[in-house]
Amino acid sequence: MNSLIKNVGKIVKMRSNKEIFRLLANANFPLKKDLCKKKSNSYTRNILQNIKNEYILMVICWAPHSKSPIHDHNCQCFYKVLEGSIVEKRYIEDGKKLTKISKTSLGNGSIGHINDDLGVHLMENITNDYVYTLHLYIPPYETCNIYPSVDDLSQKKSILYDIS
């Protein structure tokens, strides 16, 4: 984990998605579950490193059968499944409603990326176990648009973190 934290700042400054994917793919991240505050019915955002105006690195701990709301990102979001399996559903907005464009199951070691040009998404733990994912947001974001359902207009929400 220390090498990941040490190198992420250098890689972020390069502004190369390819290098970020390489960093995440090669990251040997021994998951310490005590890093994560757990909730029995939701997910928690657990900050590892927050460099103002540059990036935020965190582990998200997903309770069994928990999911995020459909949301956007005012940034680049890279993620890696550390333990377990999670489903990502992506949508596009046509001005009135959301249309699902993909559903992807991601297992141990899977890496993904999203930004607003690629759509909005939700992530869901469909298993009976806790799932752990590593997320890198460039730059950090403090608000995002939440879509209560595919037929609802978005609502701007502040982002809350569980451990800093």
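Position 116 of the sequence shown, counting from 1, maps to 116 under the UniProt record's numbering, and the rest follow consecutively.
Glycine residues also receive a C-beta, built at the ideal position from the N, C-alpha and C atoms.
(1) Quick one: what's got a C-beta closer than 8 Å to D116's C-beta in the same chain, skipping five residues either side?
(2) Based on the DSSP secondary-structure assignment, which residues constitute the bridge partners of Y79?
(3) May I ask you to report which of helix, strand or coil DSSP gives N17?
(4) Going straight from the alpha carbon of K10 to that of I20, what length do you get?
(5) Under the DSSP definition of a beta bridge, which residues are partnered with L23?
(6) Starting from the Cα of Q49, find the closest Cα among L82, S149, P140, P148 and give me that residue.
(7) Assuming the contact rule is C-beta atoms closer than 8 Å, I5 and L57 should be a hit. Round their C-beta distance to whole Å, please.
(8) Using the Cα positions of M123 and E142, report the straight-line distance between them to the nearest angstrom.
(9) Flag this pair as yes or no: are the beta carbons of N125 and I70 separated by less than 9 Å?
(10) According to DSSP, is K96 part of a helix, a strand, or is it coil?
(11) Using the C-alpha atoms, what's the distance from L134 back to N7?
(12) Please state the DSSP three-state secondary structure of K103.
(13) Can you list, in chain order, the residues of its chain with a C-beta nearer than 6 Å to that of T104? Leave out the 5 residues immediately preceding and following it.
(14) Under 6 Å Cβ to Cβ from G112, same chain only, skipping five residues before and after it: list those, please.
(15) Any idea which residues DSSP pairs T44 with across the strands?
(16) Inspect the beta-carbon positions of W62 and Y130 and report whether they are closer than 9 Å.
Quick answer:
(1) Counted from its first residue, the sequence shown places residue 116 at position 116. So the list reads D72, H73, N74, once near-sequence residues are dropped.
(2) The sequence position of residue 79 within the sequence shown is 79, counting from 1. Y79 is bridged to G112, H135.
(3) Here residue 17 corresponds to residue number 17 of the sequence shown, with the count starting at 1. Correct three-state label for N17: helix.
(4) Residue numbering aside, residue 10 sits at position 10 when the sequence shown is read from its first letter. Residue numbering aside, residue 20 sits at position 20 when the sequence shown is read from its first letter. If you take the alpha carbons of K10 and I20, they lie about 10 Å apart.
(5) Taking the first residue of the sequence shown as 1, we reach residue 23 at position 23. DSSP, once it has assigned bridges, lists no residue as partnering L23.
(6) What you label residue 49 is simply residue 49 of the sequence shown in a count that begins at 1. With distances taken between Cα atoms, Q49 lies closest to P140.
(7) The sequence position of residue 5 within the sequence shown is 5, counting from 1. The sequence position of residue 57 within the sequence shown is 57, counting from 1. Indeed, because the Cβ distance is near 7 Å, the residues count as touching under 8 Å.
(8) Stepping through the sequence shown from its first residue, residue 123 is reached at position 123. Stepping through the sequence shown from its first residue, residue 142 is reached at position 142. M123 and E142: Cα-Cα distance of roughly 19 Å.
(9) Taking the sequence shown and counting its residues from 1, the one referred to as residue 125 is at position 125. Taking the sequence shown and counting its residues from 1, the one referred to as residue 70 is at position 70. No, Cβ-Cβ distance for N125 and I70 is not below 9 Å.
(10) Position 96 of the sequence shown holds residue 96. In the structure shown, K96 sits in coil (DSSP, three-state: anything other than H, G, I, E or B).
(11) Numbered from 1 along the sequence shown, position 7 holds the residue referred to as residue 7. Numbered from 1 along the sequence shown, position 134 holds the residue referred to as residue 134. Cα-Cα distance, rounded: 15 Å.
(12) The residue you call residue 103 lines up with position 103 of the sequence shown. Residue state, collapsed to three classes: strand.
(13) In the sequence shown, residue 104 corresponds to position 104, counting from 1. Once the five neighbours on either side are set aside, the close Cβ partners of T104 are E88.
(14) To locate residue 112, count along the sequence shown from 1; it is residue 112. Excluding sequence neighbours, G112 sits near Y79.
(15) Sequence index remark: in the sequence shown, residue 44 carries index 44 (1-based). According to DSSP, T44 bridges with C61.
(16) The residue labelled residue 62 in the question sits at position 62 within the sequence shown. The residue labelled residue 130 in the question sits at position 130 within the sequence shown. Contact flag set, yes.
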